[in-house]
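**Q**
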Amino acid sequence: MGLCTLVFALAAGPSGAAPYAALVMDARSGKVLHARNADTRLHPASLTKMMTLYIAFEAIERGEISLDTKVKISRKAAAEQPSKLGLKAGQRIALRYLIRAAAIKSANDAATAIGEAISGSEAAFARRMTRTGKAMGMTKTTFKNAHGLTEKGHLSTARDMTILGRQLFYDYPQYYNLFSRKTTHAGIAQVRNTNRRFLGNYRGADGIKTGYTRAAGFNLVASAERENERIIATMFGGSSTAARNARVAELLDMGFKRAPSRVSLRKPKRPAYMGNAAPNAIARKSIVTAVKSSIRPSLRPEPGPSQEMLMALVEDVTSNVQSKLEEEQVTRNAPVVTPIRRPENIAAAIIPNLAPEQPVEPQAPRVITRATTSGGRHWSITLGYHNTRHDAEKLLLQTALQEIETLDEALRKVANKPKGWEANFVGLTAERAELACARLSARGVLCETRGPAG
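Under this note's numbering, the first residue of the sequence shown carries the number 965, and numbering increases by one thereafter.
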């Protein structure tokens, strides 16, 4: 039986089985290569957690919460049905472990805890999920919870879930490797990936999410890369794990066969930030608080801001990065200068307008774009190769902001190599390079240290 005949025969499914739907997309261009019942609204099951994690990454990026935030587990989260991590009501656990448990084990208690930590309640978080999905173009998706257990009105489509998988890959590449881990430690237990069989058996597969409930059947959004081609395939309604994996392998094979070898990369546009407030309130807030330039506020006197104030920080990291990139375009050919040492009370320096009675005078930006090895700092770390200089510079800036503690004195360097644009932090001691790389690796960022001869 040919592939197309087989897929068509599965569309109806056996009597009483969950409805079948599928979509295959060229991730580079967003072109649909195959679709079957792709716009039928069905139960997404744990594919839902892709949006839960997308918003978690967004909240981290925008300063709403951090990977190290200790989340207090509610009775509601602890009481969620399996699959679960086994969290207890009243327990506190770092957000990074909840993210790992939701991504790898598909833990429902962890997903609920993430939603409550970010939005205050799972219901409010589900509304944010729906708003964010609509902003992506997921026109037929409505979320009612953070985990995907069957609930009235909690529905999506194969097309919408493919759109979400593509956004997740391109918008947060620094976290995407989570979905390819076979096992990981989630704070209180070692957990195994629910998708490990497919990842281990299909060449090029590197993610992303499984889902199962009785109403949904066995669902999967899978992505694979071969040479310079990347395909995303989504399937709803499999009859078993093995049948689902075999079907998705056939869909990916179809995608690689139909996709052109070379195609212009057209990354999806990032959705508008939806936040936790109503859309109109978010729009008004963005008008009032839009940052027009990046300045260095004067140092606040002791005592520094409280942890609660730090957690309230909602500065737009992406906007800050873009602003700095534009500055670098102007100053790229400027002579090398020594970077300014950040104040010890770094918390005060990153919270704008905290003391309005003390006017802040903007300072001319001092941007480092070339390396120095003064002071015996001959070690560096590399974050890999990228398609464009802009991508490499953007990653360096994002990483510097997120890992300011260890990369405070490091210099950013982008090198044009045969494999692509290489992103590096240079001018580090051996100890600082090892520490920075270890911390970045723990956050899912690919990192490699290099000595003086590297």
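A virtual CB, placed ideally from N, CA and C, is assigned to each residue, including glycine.
To the nearest angstrom, how far is the alpha carbon of Ile1078 from that of Ala985?
**A** One-based indexing of the sequence shown puts residue 1078 at position 114. One-based indexing of the sequence shown puts residue 985 at position 21. For Ile1078 and Ala985, the distance between alpha carbons rounds to 29 Å.
**Q** Do you know offhand how far Arg1000's Cα is from Leu987's?
**A** Numbered from its first residue, the sequence shown carries residue 1000 at position 36. Numbered from its first residue, the sequence shown carries residue 987 at position 23. When rounded, the distance between both Cα atoms is 6 Å.
**Q** Do you know whose CA, among Leu1011, Ala1081 and Gly1391, lies nearest Met1199's CA?
**A** Within the sequence shown, the letter at position 235 stands for residue 1199. Looking at the Cα atoms, Leu1011 is the closest of the given residues.
**Q** Comparing alpha-carbon positions, which option in Ser1085, Thr1147 and Ser1203 lies nearest Pro983?
**A** Here residue 983 corresponds to residue number 19 of the sequence shown, with the count starting at 1. Out of Ser1085, Thr1147 and Ser1203, Ser1203 has the C-alpha closest to the C-alpha of Pro983.
**Q** CB of Asp1073 to nearest heavy atom of the ligand MN: below 7 Å?
**A** Summarising the ligand content, the structure contains no ligands, and the ligand MN is consequently not present.
**Q** Can the beta-carbon of Ala1397 be found closer than 8 Å to that of Trp1343?
**A** Position 433 of the sequence shown, counted from the start, is the residue given in the question as residue 1397. Position 379 of the sequence shown, counted from the start, is the residue given in the question as residue 1343. Yes; because the gap between Cβ atoms is below 8 Å, this pair is in contact.
**Q** Starting from the C-beta of Ala1009, find all residues in its chain whose C-beta is less than 7 Å away, skip the five residues before and the five after it, and write them out in chain order.
**A** What you label residue 1009 is simply residue 45 of the sequence shown in a count that begins at 1. Contacts found: Gly1112, Gly1175, Tyr1176, Thr1177, Ala1180 and Asn1183.
**Q** Residues bridged to Arg1414 by DSSP?
**A** Here the question's residue 1414 lines up with position 450 in the sequence shown. Arg1414 is bridged to Ser1344.
**Q** Report the three-state DSSP secondary structure of Val1212 (helix, strand or coil).
**A** Position 248 of the sequence shown holds residue 1212. Val1212 falls in the helix class under three-state DSSP.
**Q** I need the boundaries of the alpha helix (DSSP H) containing Phe1021, first residue and last residue.
**A** By 1-based counting over the sequence shown, the position of residue 1021 is 57. Run containing Phe1021: Lys1013 to Glu1025, per the alpha helix (DSSP H) assignment.
**Q** Does DSSP classify Ala1186 as helix, strand or coil?
**A** Reading the sequence shown from its first residue, position 222 is the one you call residue 1186. Strand.
**Q** Considering only C-alpha positions, which residue in the set Ala1379, Leu1399 and Pro1416 is nearest to Arg1341?
**A** For this step, residue 1341 is matched to residue 377 along the sequence shown. Checking every option, the nearest Cα to that of Arg1341 belongs to Pro1416.
**Q** Is it true that the CB of Ala991 sits closer than 8 Å to the CB of Arg1194?
**A** For the purposes of this step, residue 1194 is taken as the residue at position 230 of the sequence shown. For the purposes of this step, residue 991 is taken as the residue at position 27 of the sequence shown. Result yes, Cβ atoms of Arg1194 and Ala991 sit closer than 8 Å.
**Q** Quick one, which of Phe1021, Leu1049 and Arg1095 has its alpha-carbon nearest Tyr1134's?
**A** Start at 1 with the first residue of the sequence shown, and residue 1134 comes out as number 170. Nearest of Phe1021, Leu1049 and Arg1095 to Tyr1134, Cα basis: Phe1021.
**Q** Helix, strand or coil for Thr1333? Go by DSSP, reduced to three states.
**A** Translated into the one-based positions of the sequence shown, residue 1333 becomes position 369. With a pLDDT of only 39 at Thr1333, under 50, the local geometry of the prediction cannot be trusted, and the value read off the model is given with reservation. In the structure shown, Thr1333 sits in coil (DSSP, three-state: anything other than H, G, I, E or B).
**Q** Name the one or two DSSP bridge partners that Lys1034 has.
**A** As a working note, residue 1034 is residue 70 in the sequence shown. Its beta-bridge partners are Ala1058.
**Q** If you drop the 5 nearest sequence neighbours on each side, which residues of the same chain put their C-beta closer than 7 Å to that of Thr1370?
**A** Start at 1 with the first residue of the sequence shown, and residue 1370 comes out as number 406. Result list for Thr1370: Arg1396, Leu1399, Ala1400 and Arg1403, in chain order.
**Q** What are the start and end residues of each continuous beta strand (DSSP E) run of 3 or more residues lying completely inside the region 1151 to 1201, in chain order?
**A** Listed in chain order, the complete beta strand (DSSP E) runs (minimum 3 residues) inside the region 1151 to 1201 are 1154 to 1156, 1169 to 1177 and 1181 to 1190.
**Q** Mind checking whether Pro1235 and Thr1393 have CB atoms under 8 Å apart?
**A** Counting from 1 along the sequence shown, the entry for residue 1235 is found at position 271. Counting from 1 along the sequence shown, the entry for residue 1393 is found at position 429. No, Cβ-Cβ distance for Pro1235 and Thr1393 is not below 8 Å.
**Q** Which of helix, strand or coil does DSSP assign to Asp990?
**A** As a working mapping, residue 990 is identified with position 26 in the sequence shown. Three-state result, Asp990: strand.
**Q** Would you be able to state if there are at least three C-beta pairs under 8 Å between the region 1047 to 1054 and the region 1122 to 1129?
**A** The region 1122 to 1129, when compared against the region 1047 to 1054, does not touch it at the 8 Å Cβ threshold.
**Q** Thinking C-alpha only, which one of His1350, Arg1407 and Leu1375 is nearest Lys1381?
**A** Looking up residue 1381 in the sequence shown gives position 417. That would be His1350, whose Cα lies nearest to the Cα of Lys1381.
**Q** Give, in chain order, every unbroken run of the beta strand (DSSP E) that is at least 3 residues long and sits entirely within the region 1072 to 1102.
**A** With a minimum length of 3 residues, no continuous beta strand (DSSP E) run stays inside the region 1072 to 1102.
**Q** Inspect the CB distances between the region 1212 to 1219 and the region 1016 to 1036 and report whether three or more fall short of 8 Å.
**A** Not touching, per the Cβ criterion.
**Q** Could you pull out every residue in the same chain whose Cβ sits closer than 6 Å to the Cβ of Glu1412, ignoring the five residues on either side in sequence?
**A** Taking the first residue of the sequence shown as position 1, residue 1412 is located at position 448. Cβ neighbours of Glu1412 beyond the five flanking positions: Thr1346.
**Q** Which class does Gly1112 belong to by DSSP, given the choice of helix, strand or coil?
**A** Working through the sequence shown from its first residue, we reach residue 1112 at position 148. DSSP places Gly1112 in coil when its eight states are reduced to three.
**Q** On a Cα-Cα basis, can you pick out the residue from Arg1026, Ser993, Ala1153 and Val996 that is closest to Ala1066?
**A** As a first step, residue 1066 must be located in the sequence shown, where it is residue number 102. Of the listed residues, the one whose Cα sits closest to Ala1066 is Ala1153.
**Q** What did DSSP end up calling Lys1381 once you bin it into helix, strand or coil?
**A** Here residue 1381 is taken as the residue at index 417 of the sequence shown, counted from 1. The answer is strand: DSSP assigns Lys1381 an E or B state.
**Q** Ends of the beta strand (DSSP E) at Lys995?
**A** Position 31 of the sequence shown, counted from the first residue, corresponds to residue 995. It spans Lys995 to Arg1000 - the beta strand (DSSP E) in which Lys995 sits, taken as one unbroken run.
**Q** Using a 10 Å radius around the Cβ and a threshold of 16 neighbouring Cβ atoms, would you call Ser1423 buried or exposed?
**A** The first residue shown for the chain is 965 and the last is 1418, placing residue 1423 beyond what the model contains.
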